[in-house]
Amino acid sequence: MHYRLLGRSGLAVSELCLGTMTFGNSTSEQDSTEMIHRFLDRGGNFLDTADVYVQGRSEQIVGQAIKNRRSEVVLATKVRMTTSPDMNGVGLSRKHIMDGVEASLRRLDTDYIDLYQVHVWDHATPIEETLRALDDLVTSGKVRYIGCSNFLAWQLMKSLAVSEANRYIRFVSIQPQYSLISRQMDLEMMSLCQEENVGVIPWAPLGGGFLTGRYDRNEPTEGRLTSKVGESAWVNRSTDRNFTILDAIRGTALELGKSPAQVSLNWLLQQPGITSPIFGASTLEQFEDNMGAAGWKMPAELWERLDQVSALPDDYPNRFITKFKRPF
Ligand SMILES: NC(=O)c1ccc[n+]([C@@H]2O[C@H](COP(=O)([O-])OP(=O)(O)OC[C@H]3O[C@@H](n4cnc5c(N)ncnc54)[C@H](OP(=O)(O)O)[C@@H]3O)[C@@H](O)[C@H]2O)c1
């Protein structure tokens, strides 16, 4: 396992992050605990959860599993989604953040969160209020670093500017959906993150299971759809374009003697600007498969082949800006 610094920080995180969204749901508590220990034993140190995963059960399972290994772990969780039916049980107000952090700390059974992430932009709350509340949490020691998830590029840039103007702590990372079949972040977010040195920790790096090669073109998928690749997501993912990308992944996997999941994750590990993909695994078998993505490097020509087949069209304004790039 290799390690990378998370954005503009001194925090070293493993190149693979273990997602825990299924823990206590499709992954039994026993398997979840076993998975966390195997991950830590093999050098992984980065765990991602959220207050809303399995109604808080995921945080509880993670907290119990790492209780005696707390200092080894970079523990990431999130706030913003609905946690109670009252009007303030959602969003990025100071109130919901302060209530949310206390509830997460209790479930995680710890004194501090390493990376506290806002789950998605909140149009209702001024970002100044959100960042001031997060800054207070860092000052109080309850939180060590802050990150965001599911932002547009202007929302991240505005947040960084507000932090700078007010001397608040700034987001060290963003958690976007990003994979070989989901590269919308290439349009603006990836270049912003490189320019501003913000870490990128992609969710659904396996396309929710699609990129593991478990589906075939024209095959009836009824009964094979997973909890995350639900009917609507399946409609989005089972396009001709995505199957063409999957064909290239399968070909590469065959050439390298690796699995499609390993190739898909390894491609991300070598993508400039990516810090650590957050992979999910519902079973220990899937976990073992996915862990085989680390510790090797795919040859550049194979990486480029996958890059080309999955790249978005070179549209305006990027094409226009590149055309007039000066040679410096
Ligand atoms: N910030 C956000 O808004 C956000 C959103 C979603 C997720 N996340 C984070 O990102 C993590 C990963 O998300 P994700 O679960 O969507 O990502 P993913 O890694 O793309 O998909 C994981 C799912 O794919 C299937 N799978 C994984 N490895 C496999 C293998 N080797 N062979 C066959 N199938 C395999 C399993 O589905 P089955 O259960 O069907 O077998 C597994 O649960 C989450 O745990 C969470 O921490 C964040």
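Converting from the sequence shown to the working numbering requires adding 10 to each position, the first position being numbered 1.
We put the CB at the ideal spot given by N, CA and C, even for glycine.
Just so it is clear, the structure is predicted and the values come from calculations on it, not from any experiment.
Q. According to DSSP, is Phe-220 helix, strand or coil?
A. DSSP places Phe-220 within a helical segment (H, G or I) once states are collapsed to three.
Q: Check whether the Cβ atoms of Gly-209 and Thr-120 sit closer than 7 Å, and answer yes or no.
A: no
Q) Taking the continuous beta strand (DSSP E) assigned at Leu-316, which residues delimit it? A) Element bounds for Leu-316: not the beta strand (DSSP E) but the alpha helix (DSSP H), 310-320.
**Q.** Residue burial classification, Ala-271 (beta-carbon count within 10 angstroms, cutoff 16)
**A.** buried
(Q) My output table needs one value for Leu-50: the three-state DSSP class, helix, strand or coil. (A) helix
Q: Give the single residue among Gln-280, Arg-90 and Thr-254 whose Cα lies nearest to the Cα of Ser-114.
A: Arg-90
Q: Give the secondary structure of Gln-281 by DSSP, where H, G and I count as helix, E and B as strand, and everything else as coil.
A: DSSP places Gln-281 outside both helix and strand once states are collapsed to three, so it counts as coil.
Q: Kindly indicate which three-state DSSP category Thr-37 falls into: helix, strand or coil?
A: Judged by DSSP in its simplified three-state form, Thr-37 adopts strand.
Q) By DSSP, does Ala-22 sit in helix, in strand, or in coil? A) Ala-22: strand per DSSP, three-state reduction.
Q. What do you reckon, is the C-beta of Asn-246 under 6 Å from a heavy atom of ligand 1?
A. no
Q | Residue nearest to Arg-227 in terms of C-alpha spacing, selected from Ile-255, Ala-214 and Asn-207 | A | Of Ile-255, Ala-214 and Asn-207, the smallest CA-CA separation from Arg-227 is found for Ile-255.
(Q) Suppose contacts are defined by Cβ-Cβ distances below 7 Å. Is Ile-211 in contact with Ser-183 by that definition? (A) Yes, the Cβ-Cβ distance between Ile-211 and Ser-183 is below 7 Å.
Q.
Tell me the DSSP secondary structure of Phe-161 in three-state form.
A. Note: Phe-161 maps to coil in three-state DSSP.
(Q) So Arg-117 and Gln-70 are supposed to be a Cβ contact under 8 Å. How far apart are they, rounded? (A) 5 Å
**Q.** Beta-carbon proximity list for Ser-237, same chain, < 7 Å, skipping 5 on both sides
**A.** With a pLDDT of 49 at Ser-237, under the threshold of 50, the modelled position of this residue cannot be trusted, and the question is left open.
Q | Cβ-heavy atom distance, Phe-289 to ligand 1, below 6 Å | A | yes
Q) Between the Cα of Ile-156 and the Cα atoms of Leu-316, Asp-146, Gln-204 and Ser-94, which residue gives the shortest distance? A) Asp-146
Q) Are Thr-59 and Thr-92 touching if we call contact CB-CB under 7 Å? A) no
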